[in-house]
Amino acid sequence: MAQAPQGKLPQPPKDWQAQRGASGETYWQWRGRGIPSWVDLDEAPARPLPVALSYRSAQAPSGQLPVQISRRLLRLVPGEGAFEFKVEEVGDKPLSSDELYLDEVTLNVPEDTALRYGMLELPLPPGADVERTTWGIKISGLAGDEATTLERARNEPGELFYGVPVDSLSGEQRFRHLVRFSQKGSFNLPPARYLRLYAPEQQALEAKPALAKVKVE
């Protein structure tokens, strides 16, 4: 629901929680059980208000792409150097608001498939932020014995997700970003998805969402 530019904005019930968007706008996110059929306000608005509803459908996309999406979250453990880290599996442990994590996503397509101009959308819980820079950071334990230098972060912020532009997709491609989780609580997240920018009905969903349930302490 969009914020009115002036005057007091009527409030929805408590199951709609107020959130702050990246550009400072206020929106409400449904936290209740089931799916609401209507929205009750505490009072009638003084004038007509524009309302926008955004949601993620649980139904499979109609144009399924042959893209396999796998995602994993790794905890970063400081190493000996200033910008050196080791990784460890998060497993079933709660996430900590004091630690830094590596969000790694791998896309796989058949050898005879090449896709252009796509977007990878990665859901995040409220309060999570992607680090803007990965310059100089080296991480050991990702592949082999040698430390891996992270590539320059390339992402676009969104409401409760971040997007990664994929100009061309063929074979296997891997994307890594540093993420912090500042808001404590338990959250259910939708699967990651890849979609074609100029044909958004053609998309692929993460088969087994790695971050389906997230708890931050």
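Just so we're aligned, residue 1 is where the sequence shown starts under full-length UniProt numbering, counting upward by one. Using N, Cα and C, we set each Cβ at its ideal position, and we do this for glycine too.
| Query | Result |
| --- | --- |
| Mind listing, in chain order, the continuous beta strand (DSSP E) runs of no fewer than 3 residues lying wholly within the stretch 105 to 190? | 114 to 123, 128 to 130, 138 to 140, 156 to 158, 161 to 170, 172 to 181 and 185 to 188 |
| Using the C-alpha atoms, what's the distance from LEU115 back to ASN188? | 30 Å |
| Report yes or no: do three or more beta-carbon pairs, one from the stretch 136 to 152 and one from the stretch 82 to 90, lie closer than 8 Å? | yes |
| Is the beta carbon of ARG154 closer than 9 Å to that of THR133? | no |
| According to DSSP, simplified to helix, strand and coil, what is VAL39? | coil |
| With DSSP as the reference, identify every bridge partner of ALA204, one or two as the case may be. | TYR194 |
| Quick check on the burial criterion: 16 or more other C-beta atoms within 10 angstroms. Buried or exposed for GLN64? | exposed |
| Counting pairs of beta carbons, one from the stretch 173 to 188 and one from the stretch 93 to 112, are three or more of them closer than 8 Å? | yes |
| Is the separation between the beta-carbon of ALA192 and that of GLU172 shorter than 9 Å? | no |
| Does DSSP put ALA18 in a helix, in a strand, or in coil? | strand |
| Please classify VAL166 as buried or exposed, where buried requires at least 16 neighbouring CB atoms within 10 angstroms. | buried |
| One question on the structure: do GLU99 and LEU76 come within less than 9 Å of each other, judged by their Cβ atoms? | yes |
| Could you check which residue in LEU142, PRO45, ALA212 and SER170 has the C-alpha nearest to that of VAL67? | SER170 |
| Going by Cα to Cα distance, which pick from ILE69, PRO12, PRO157 and PRO125 is closest to SER182? | PRO125 |
| What residues match up with SER70 in a beta bridge as DSSP calls it? | THR106 |
| So for PRO5, helix, strand or coil by DSSP? | Confidence in PRO5 is poor, its pLDDT being 49 and thus under 50, which makes the residue's placement too unreliable to answer from. |
| Answer with buried or exposed for TYR198, where buried requires no fewer than 16 other C-beta atoms within 10 angstroms of its C-beta. | exposed |
| Can you have a look at ILE35 and say buried or exposed, based on whether 16 or more other CB atoms are within 10 angstroms of its CB? | exposed |
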